[in-house]
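**Student:** Have a look at this one.
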Amino acid sequence: MTDVTVSQAAPERQPNPVLKAFRRNRFSWIGIGLLTLIILLAVFAPLIAPYDPLKQNILHRLTPPSAEFWLGTDSYGRDVLSRLLYGARISLSIGFLSVMIAMVVGSALGILAGYIGGIFDQIVMGIVDVMLSFPTLLLGLMVAAMLGASFENLIIAIAITETAPFARVARAPTIAMKRRDFVEAGRSLGFSPLRIMGVHILPNILSDIVVVASLWMASAIRTEASLAFIGLGVLPPTATWGGMIREGFENILSGWWLVVFPSLAILLTVLALNILGDALRDAIDPKTRSAQ
30 MTDVTVSQAA PERQPNPVLK AFRRNRFSWI GIGLLTLIIL LAVFAPLIAP YDPLKQNILH
90 RLTPPSAEFW LGTDSYGRDV LSRLLYGARI SLSIGFLSVM IAMVVGSALG ILAGYIGGIF
150 DQIVMGIVDV MLSFPTLLLG LMVAAMLGAS FENLIIAIAI TETAPFARVA RAPTIAMKRR
210 DFVEAGRSLG FSPLRIMGVH ILPNILSDIV VVASLWMASA IRTEASLAFI GLGVLPPTAT
270 WGGMIREGFE NILSGWWLVV FPSLAILLTV LALNILGDAL RDAIDPKTRS AQ
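Residues 30 to 321 in the working numbering are what the sequence shown spells out, letter by letter.
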């Protein structure tokens with residue numbers, strides 16, 4: 030008797046439609062490339078920066094861009110390029126950390142409010158509505174003024190202002206999803222509410238949360254720059270983009286580069302994050318994805 034080996038071909042793996050749509054979007058690669066470049070410059074600032082960002086040299090005060098100082102110097106003779114690179118580390122760190130805190134806290138509150146419902150939902154969403162009624166900068170200004178100017182307090186202030194959008198984004202799909210069959214099946218099997226929210230609901234709304242995070246990180250960087258401009262940011266002489274604009278604004282007539290280059294850094298970073306966020310949103314949205 031002859032043994033016959035029947036080889037069954039493995040089913041072809043279908044590409045993820047979200048990733049496929051994201052890769053097809055040309056603007057997404059522009060956002061990724063620009064953001065990657067900015068992050069690399071910030072990470073390797075100690076190796077790239079030609080001078081100490083805190084070293085003062087009055088002899089080179091307000092030197093315009095030249096071969097020696099590519100982006101010029103400020104009113105204390107400090108190299109603008111070096112301060113711009115080191116400032117990227119602070120500004121990006123504040124933006125990233127504040128959004129991560131806001132994402133965790135806001136998403137948790139939104140999922141809890143949507144799943145539990147009742148009075149808890151009304152209280153949480155009432156607070157969210159009040160927070161959203163204030164402009165982000167005004168709310169951040171009030172919180173930062175109460176906490177004081179420091180790196181940690183600035184992160185907390187911006188995180189508080191950005192918690193509400195995550196709560197609202199997480200709540201709506203949670204309400205719809207808690208009635209789905211697989212959630213009801215989990216309840217019938219005796220799964221705890223925490224397990225249902227963490228294992229069954231959160232993974233299904235995570236893509237929406239990531240899109241919101243990318244868009245609100247751009248807002249966090251703008252808010253940090255605005256608070257630093259009015260004196261509620263990281264204390265000098267630490268370099269931040271907003272702080273550099275504030276210092277340069279006092280000498281804008283004799284040193285245009287002091288304001289232009291930090292403003293350009295903020296513009297490019299916010300633009301990259303917005304492009305990336307829009308590309309993610311279009312890739313996740315089934316209607317937009319089918320139209321591509």
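We put the CB at the ideal spot given by N, CA and C, even for glycine.
Can you check DSSP and say which residues form a bridge with ASP108?
**Tutor:** According to DSSP, ASP108 bridges with THR102.
**Student:** Quick check: MET160 and ALA193, are their CB atoms within less than 7 Å of each other?
**Tutor:** For MET160 and ALA193, yes; Cβs fall inside 7 Å.
**Student:** Leaving out five residues before and five after GLN22 in sequence, what residues of the same chain have Cβ atoms less than 8 Å from its Cβ?
**Tutor:** Past the boundaries of the shown model lies residue 22; the chain is included only from 30 to 321, so the question cannot be answered.
**Student:** Between ILE259 and the rest of its own chain, which residues show a CB-CB distance below 6 Å, the 5 nearest in sequence each way excluded?
**Tutor:** Within the same chain, ILE259 has no close Cβ partners at all.
**Student:** Using the C-alpha atoms, what's the distance from GLY146 back to MET273?
**Tutor:** Cα to Cα, the separation comes out at about 46 Å.
**Student:** Sort GLU279, ARG251, ASP311 by Cα distance to PHE125 and report the nearest one.
**Tutor:** It is ARG251 whose Cα lies nearest to the Cα of PHE125.
**Student:** Please identify the residue among TYR115, TRP99, ILE187 whose C-alpha is closest to the C-alpha of SER248.
**Tutor:** Among TYR115, TRP99, ILE187, the Cα nearest to that of SER248 belongs to ILE187.
**Student:** How many Å lie between LEU287 and GLY215 at the Cα?
**Tutor:** Going from the Cα of LEU287 to the Cα of GLY215 covers about 59 Å.
**Student:** Is it a yes or a no for the stretch 225 to 245 touching the stretch 129 to 145, going by three-plus beta-carbon pairs under 8 Å?
**Tutor:** Judged by Cβ distances under 8 Å, the stretch 225 to 245 makes contact with the stretch 129 to 145, as three or more pairs qualify.
**Student:** Starting from the C-beta of PRO265, find all residues in its chain whose C-beta is less than 8 Å away, skip the five residues before and the five after it, and write them out in chain order.
**Tutor:** Around PRO265: GLY272, GLU276.
**Student:** Going by beta-carbon coordinates alone, are GLY306 and LEU235 separated by less than 7 Å?
**Tutor:** No, these two residues do not count as a Cβ contact at 7 Å.
**Student:** How many whole angstroms separate the CB atoms of PHE195 and MET154, which I take to be in contact at a CB cut-off of 8 Å?
**Tutor:** With 8 Å as the limit, PHE195 and MET154 do not qualify as a contact, their Cβ atoms being about 13 Å apart.
**Student:** Compute the Euclidean distance between the alpha carbons of LEU183 and THR190, then round it to the nearest angstrom.
**Tutor:** Each residue's alpha carbon lies about 11 Å from the other.
**Student:** Name the two residues that bound the continuous alpha helix (DSSP H) containing ASN86.
**Tutor:** That residue, ASN86, is in no alpha helix (DSSP H); it is neither H nor E in DSSP.
**Student:** To the nearest angstrom, how far is it from the Cα of ILE152 to the Cα of ILE225?
**Tutor:** About 22 Å.
**Student:** Measuring alpha carbon to alpha carbon, tell me which residue in ALA312, PHE220, GLY101 is nearest PRO82.
**Tutor:** Comparing Cα-Cα distances from PRO82 to each of ALA312, PHE220, GLY101, the minimum goes to GLY101.
**Student:** Using CA atoms only, rank isn't needed, just tell me which of ILE281, LEU293, ALA257, LEU296 is closest to ILE119.
**Tutor:** Per the Cα distances, ALA257.
**Student:** Specify, as a first and last residue, the run of the alpha helix (DSSP H) that ASN303 falls within.
**Tutor:** Where ASN303 is concerned, the enclosing alpha helix (DSSP H) stretches over 286 to 313.
**Student:** Kindly confirm or deny that the stretch 296 to 306 and the stretch 57 to 70 touch, where touching means at least three C-beta pairs closer than 8 Å.
**Tutor:** Enough Cβ pairs lie closer than 8 Å, so yes.
**Student:** Thinking C-beta only, is GLY262 closer than 7 Å to ALA199?
**Tutor:** No, the Cβ-Cβ distance between ALA199 and GLY262 is not below 7 Å.
**Student:** Determine whether the beta carbon atoms of TRP270 and ILE295 lie at a separation below 7 Å.
**Tutor:** Yes. Within cutoff.
**Student:** Would ASP16 be called buried (16 or more neighbouring beta carbons within 10 Å of its own) or exposed?
**Tutor:** It is not possible to answer for residue 16, since the shown part of the chain is limited to 30 through 321.
**Student:** Would you mind working out which of PRO291, SER255, ILE281, PHE56 sits nearest PRO164, comparing C-alpha positions?
**Tutor:** Here the closest residue by C-alpha is SER255.
**Student:** Counting along the chain, where does the alpha helix (DSSP H) carrying ALA74 start and finish?
**Tutor:** ALA74 -> alpha helix (DSSP H) spans 74 to 77.
**Student:** Ignore the nearest five residues each way along the sequence and tell me which others in ALA178's own chain have a CB closer than 6 Å to its CB.
**Tutor:** For ALA178, where only same-chain residues beyond five positions count, the Cβ hits under 6 Å are LEU261, LEU264.
**Student:** Once you ignore the five residues that flank PRO79 on each side, which residues in its own chain have a CB closer than 7 Å to its CB?
**Tutor:** Same-chain partners within the cutoff: ASP108, LEU110, SER111.
**Student:** Near VAL212, what residues of its chain come up, given a Cβ to Cβ distance below 8 Å and the 5 sequence neighbours on each side ignored?
**Tutor:** Counting only Cβ-Cβ distances below 8 Å, and skipping sequence neighbours, we find MET206, ILE225, HIS229, ILE230.
**Student:** For ALA268, which residues of its own chain have a beta-carbon under 6 Å away from its beta-carbon, when the five flanking residues on both sides are left out?
**Tutor:** Hits under 6 Å: PRO82, ARG112, TYR115, GLY116.
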